[in-house]
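Peer 1: Numbering (my numbering), first residue to last: 5 to 80.
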Ligand SMILES: [Zn+2]
């Protein structure tokens, strides 16, 4: 369930990945998944994680494993 991944050279948990995407603490996060997407900035692999920034909201966040690029489904 809680598989860690290397992002920008650091091992992160799902919750830590969600916090990197959100820019602040999150309540909870699901497991990290691979995607078919390539980073629009560097072409690196993009991973995704579903998380709850608050009790009433569920967001899917995307993060490049190689650079600072991140996005959420709020923006799509
Ligand atoms: Zn990138």
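For each residue, glycine too, the CB sits at the ideal point set by N, CA and C.
Only a predicted model underlies this, so the values are computations on that prediction, with no experimental measurement involved.
1. Would you report the Cα separation of residue 32 and residue 55, rounded to the nearest angstrom?
2. Are residue 30 and residue 69 closer than 8 Å when you measure CB to CB?
3. Quick check on this structure: which residue in 12, 60 and 36 has the alpha carbon closest to the alpha carbon of residue 18?
4. Mark residue 78 as exposed unless 16 or more other C-beta atoms lie within 10 angstroms of its C-beta, in which case mark it buried.
5. Which stretch, first to last residue, makes up the beta strand (DSSP E) that contains residue 52?
6. Is it right to say residue 5 is buried, meaning 16 or more other beta carbons lie within 10 angstroms of its own, or is it exposed?
7. Report the CB separation of residue 65 from residue 52 in whole angstroms; it is logged as a contact under 8 Å.
Peer 2: The structure says:
1. 6 Å
2. no
3. 36
4. exposed
5. 49-58
6. Residue confidence is low: residue 5 scores 47 on pLDDT, short of 50, so the model does not pin down where it sits. Its coordinate-derived value is still stated next. The residue is exposed, with fewer than 16 neighbouring Cβ atoms inside 10 Å.
7. 7 Å
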